[in-house]
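Residue numbers (our numbering): 81 to 351.
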């Protein structure tokens, strides 16, 4: 079995449930599953690498460069060993020469950056000719597919539903929730051509994600106090994960053409 076949057959949901709360595990596992269908050519830059958890689960070999704005997160990412190099920097000013990377990857990061147009231009600058930008983001339909947003609207309390959506987007610092057509225009302005877009995280999976968000609070507290989201990992792996997997696997295994998130691939146009 080659590396690509192995990626496709891996059960990312089980792997993520060992180390993350359900709300996060469902989303990240789906991202892994769909990203596993793509080719990632080296050298590679991971923008907004965070603590390196996603890359350490998804990638089978080292990535040349990780970049994050947080020194704390970058230090954690370094400990995973998945990156050859880690740098603390702002994506508005990527500290590399023109055409340094064949692939730039960013997982659920670009939606958090207010100056997205400037960042896309920086990404284009450091990409080699015909190099690819591969990224995932929540889309324009994310807020409306949340459980509580849709629930309140169904019972005639649309204003409360809209209020909930705004609060979630504010809490998550979502600045760029766009449709594929808007992303295509923004990429074009940066010298990048959208070559594919795929929706994931079905409406039902989005609702489950929303319902389970409240339980993620405990994981955030754990991360703050103990530097990890999940405590008692052996107990969780042996007892809790099999139970959680049996409950939530159908949301991981199902696909949807109207999912609330996007996987986008763009290529740097030749001059």
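Where is the CB? At the ideal position from N, CA and C, for every residue including glycine. A quick note: this is a predicted structure, and the numbers were derived from the prediction, not measured.
Report task. Kindly indicate which three-state DSSP category residue 124 falls into: helix, strand or coil? Result -> strand
Report task. Quick one: grab the DSSP three-state call for residue 142. Result -> DSSP, reduced to helix, strand and coil, places residue 142 outside both helices and strands of the structure shown, so it counts as coil.
Query raised in the report: Does DSSP classify residue 216 as helix, strand or coil?
Result: Residue 216 falls in the strand class under three-state DSSP.
Query raised in the report: So residue 157 packs on residue 131, CB below 8 Å; how close in whole Å?
Result: 6 Å
Query raised in the report: Do three or more CB pairs link the segment 335-351 to the segment 121-129 at distances below 8 Å?
Result: no
Query raised in the report: Alpha carbon to alpha carbon, how far is residue 84 from residue 136?
Result: Confidence at residue 84 is low in this model, with a pLDDT of 47, below 50, so the placement of that residue should be treated as unreliable; the coordinate-derived value is given next. Approximately 16 Å, taken between the alpha carbons.
Requested in this report: Pull up the CB-CB distance for residue 295 and residue 102, whole angstroms please, since I reckon it's below 8 Å.
Outcome: 7 Å
Query - Beta-bridge partners of residue 148, as assigned by DSSP - result: 168
Query raised in the report: So, residue 206 versus residue 174, is the Cβ gap smaller than 7 Å?
Result: yes
Query raised in the report: Run through DSSP, which three-state label would residue 279 get?
Result: strand
Query raised in the report: Do residue 143 and residue 163 have their C-beta atoms closer together than 7 Å?
Result: yes
Requested in this report: Would you list, in sequence order, the uninterrupted beta strand (DSSP E) runs of no fewer than 3 residues that lie entirely inside the segment 258-344?
Outcome: 272-280
Query raised in the report: Is residue 120 closer than 7 Å to residue 183 when the C-beta atoms are compared?
Result: Contact: yes.
Report task. Could you tell me the distance, in whole angstroms, from the CA atom of residue 154 to the CA atom of residue 147? Result -> 7 Å
**Report entry** Reduced DSSP category for residue 88 - H, G, I as helix; E, B as strand; rest coil
**Finding:** With a pLDDT of 47 at residue 88, under the threshold of 50, the predicted position of this residue should be treated as unreliable, though the coordinate-derived value follows. Looking at residue 88 - three-state DSSP - the assignment turns out to be helix.
Report task. State the DSSP-derived secondary structure class of residue 98, mapped to helix, strand or coil. Result -> coil
Report task. Look at the alpha carbon of residue 90 and the alpha carbon of residue 262, and state the distance between them as a whole number of angstroms. Result -> Cα-Cα distance, rounded: 33 Å.
Query raised in the report: How many Å lie between residue 88 and residue 112 at the Cα?
Result: Note that residue 88 has pLDDT 47, beneath the 50 cutoff, so the model's placement of it is unreliable and no number is given.
Requested in this report: Determine the direct distance from the alpha carbon of residue 204 to that of residue 178, and round the result to whole angstroms.
Outcome: 9 Å
Query raised in the report: Would residue 327 be called buried (16 or more neighbouring beta carbons within 10 Å of its own) or exposed?
Result: exposed
Query raised in the report: Going by alpha carbons, who is nearest to residue 59 out of 116, 107, 322, 318?
Result: Residue coverage of the chain in this structure runs from 81 to 351, which leaves residue 59 outside it and unanswerable.
Query raised in the report: Excluding sequence positions up to five away, which residues of its chain have a Cβ less than 7 Å from the Cβ of residue 189?
Result: Counting only Cβ-Cβ distances below 7 Å, and skipping sequence neighbours, we find 127, 128.
Query raised in the report: What is the C-beta distance between residue 310 and residue 299, in whole angstroms, given that I count them as a contact (C-beta under 8 Å)?
Result: 7 Å
Query - Complete runs of the alpha helix (DSSP H) confined to the segment 226-259 [at least 4 residues] - result: Taking only runs of at least 4 residues, the alpha helix (DSSP H) segments lying wholly in the segment 226-259 are 227-234, 238-251.
Requested in this report: Counting only the same chain and skipping the five closest in sequence on each side, list residues whose C-beta sits under 6 Å from that of residue 198.
Outcome: 172
Query - Beta-carbon spacing of residue 110, residue 257 below 7 Å - result: no
Query raised in the report: Out of curiosity, what's the CA-to-CA distance linking residue 308 and residue 302?
Result: 6 Å
Query raised in the report: So, helix, strand or coil for residue 178, using DSSP?
Result: In this structure, residue 178 counts as coil in the three-state DSSP scheme.
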